[in-house]
Amino acid sequence: MTEGVDVVTPLESVVTFWDGPDEGRRVPLGGSSVQHGTAVFEGIRCYASAEGPALFRLREHMSRLLNSARLLGIAHDYGLDRLCALAVGAAAEAGLADCYVRPVLLAPDPYLSISLDRLRFTVVTEVWPVPPATGGRPAAIDLTVSPWRRPSPASFPPRAKAVGMYVTSALAKTGALRAGHDDAIQLDPGSGRVAEATVANVFLVRDGALVTPWLTDGLLAGITRDSVLTLARELGVPATEGPVEVADLLAADEVFLTGTASELVPVASVDGRAYPARRPVFAALSDAFRDAVTGKGFGHLGWLTPVPGTGGPE
Ligand code: PMP
């Protein structure tokens, strides 16, 4: 299904939207984005909110898509409003209240060039069904520190959400699973500090205060990460971004991961260091996040974009 969630979704339940004149096309196997990973993308959740189906933090996701394209020097014709309209249109046409919307800015032509300036880029959006939230908490997972570090900024802009970058995530995740863990922590290549998990950001709690690695250490600027930092401020939980050593992680009272697809996931252990099963800060933030995405609270933050025609306001 979505990144990091190991469920195969039947192809017929995935709805694909091509933008403009490319309507009705297919992605050629012999194209640069498939063969060389030259594409940038986003993953956005649509929730059945109190006001009808709504996309969570749509503008922030699309701003990040534009930033990813800029970091790679990909030229295209899209602006923020148009990208947002494409996602709303795709979600509306798919008619699913709970779904995962994935716009990909890719090279659609059968052309194996790696010169980004020679490729034409267009947005293709896929909409995947997601099971509605049950209200229960996800099971806590076991992590290991991966030998595969994040890409060096000397090799790749680590803050670009680009298709090709996910091979490093795949290496780390696969190694972790083979060693009997659920996921891996990847380190910043230069500092050796904690960067993030393979498709999620990481938080720790120490003495009631929340800490997450700063963006300096080669991680993706997660939208869920930002949401959790904001919600912590709303709840009066002290929260900082800063350098996080592996030792800080091992010494924490609570550890959890954040991502669009997986939301907030508690961590049971890192390399055999088990954390207490009582997680008061995680529980409070998890409840706040649920309220925010379903429109039961934090409406003043303006995080929900209604999707018309799917039971929401027209
Ligand atoms: N890091 C990586 C490498 C990711 O792929 C993701 C998922 N997009 C995240 C962090 C979490 O980001 P977000 O909260 O925006 O989904």
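Numbers given in this note's numbering equal positions in the sequence shown, counted from 1, plus 57.
Where is the CB? At the ideal position from N, CA and C, for every residue including glycine.
As the structure is a computational prediction, the values presented were derived from the model and not from experiment.
Starting from residue i, follow its DSSP beta bridges and name the residues at the other end.
{"i": "residue 199", "result": "326"}
{"i": "residue 213", "result": "In DSSP, residue 213 forms no bridge with anything."}
{"i": "residue 269", "result": "298"}
{"i": "residue 156", "result": "103, 186"}
{"i": "residue 219", "result": "97"}
{"i": "residue 331", "result": "326"}
{"i": "residue 372", "result": "Since the first residue shown for the chain is 58 and the last is 371, residue 372 is missing from the structure and cannot be characterised."}
{"i": "residue 79", "result": "Note: residue 79 sits in no beta bridge, so no partner."}
Leaving out the 5 sequence neighbours to the left and right, which residues in its chain are closer than 6 Å to residue i when beta-carbon positions are compared?
{"i": "residue 266", "result": "295"}
{"i": "residue 350", "result": "104, 113"}
{"i": "residue 128", "result": "214, 217"}
{"i": "residue 131", "result": "173, 178"}
{"i": "residue 186", "result": "70, 153, 156"}
{"i": "residue 359", "result": "none"}
{"i": "residue 339", "result": "311, 313, 323"}
Nearest-angstrom Cα distance between residue i and residue j?
{"i": "residue 254", "j": "residue 164", "result": "28 Å"}
{"i": "residue 70", "j": "residue 315", "result": "26 Å"}
{"i": "residue 280", "j": "residue 117", "result": "7 Å"}
{"i": "residue 98", "j": "residue 140", "result": "12 Å"}
{"i": "residue 150", "j": "residue 75", "result": "12 Å"}
{"i": "residue 192", "j": "residue 87", "result": "43 Å"}
{"i": "residue 277", "j": "residue 218", "result": "7 Å"}
{"i": "residue 263", "j": "residue 307", "result": "11 Å"}
{"i": "residue 335", "j": "residue 343", "result": "13 Å"}
{"i": "residue 137", "j": "residue 178", "result": "16 Å"}
{"i": "residue 275", "j": "residue 250", "result": "10 Å"}
{"i": "residue 146", "j": "residue 361", "result": "15 Å"}
{"i": "residue 166", "j": "residue 223", "result": "22 Å"}
{"i": "residue 83", "j": "residue 155", "result": "25 Å"}
{"i": "residue 162", "j": "residue 324", "result": "33 Å"}
{"i": "residue 268", "j": "residue 184", "result": "33 Å"}
{"i": "residue 220", "j": "residue 352", "result": "31 Å"}
{"i": "residue 303", "j": "residue 78", "result": "50 Å"}
{"i": "residue 68", "j": "residue 92", "result": "21 Å"}
Following the continuous alpha helix (DSSP H) through residue i, name the residue where it begins and the one where it ends.
{"i": "residue 340", "result": "337-351"}
{"i": "residue 306", "result": "303-307"}
{"i": "residue 227", "result": "223-235"}
{"i": "residue 287", "result": "280-292"}
{"i": "residue 70", "result": "Residue 70 -> no alpha helix (DSSP H), and no H or E assigned at all."}
{"i": "residue 117", "result": "115-129"}
{"i": "residue 316", "result": "Where residue 316 is concerned, there is no enclosing alpha helix (DSSP H), although the beta strand (DSSP E) it sits in stretches over 311-316."}
Go through its chain and collect everything with a Cβ distance to residue i's Cβ below 7 Å, but skip five positions before and after it.
{"i": "residue 20", "result": "The structure shown has nothing for residue 20, since the chain only spans 58 to 371."}
{"i": "residue 369", "result": "Legend: pLDDT at residue 369 = 44, less than 50; position of this residue unreliable, value from coordinates given subsequently. Within the same chain, residue 369 has close Cβ partners 108, 109, 110, 111, 363."}
{"i": "residue 405", "result": "Residue 405 cannot be examined here, being either before or after the span of the chain that is shown, 58 to 371."}
{"i": "residue 371", "result": "In this predicted model, residue 371 has a pLDDT of only 41, less than 50, meaning its place in the structure is not dependable; the value taken from the coordinates is given anyway. Cβ neighbours of residue 371 beyond the five flanking positions: 365."}
{"i": "residue 133", "result": "126, 162, 178"}
{"i": "residue 211", "result": "none"}
{"i": "residue 229", "result": "203, 205, 241, 243, 255"}
Going along the chain, which residues of its own chain have a beta-carbon closer than 8 Å to the beta-carbon of residue i, five neighbours each way excluded?
{"i": "residue 341", "result": "292, 294"}
{"i": "residue 355", "result": "288, 291, 345, 348, 349"}
{"i": "residue 233", "result": "200, 201, 203, 239, 240, 241, 255"}
Quick one: give me the first and last residue of the beta strand (DSSP E) that residue i is part of.
{"i": "residue 252", "result": "251-254"}
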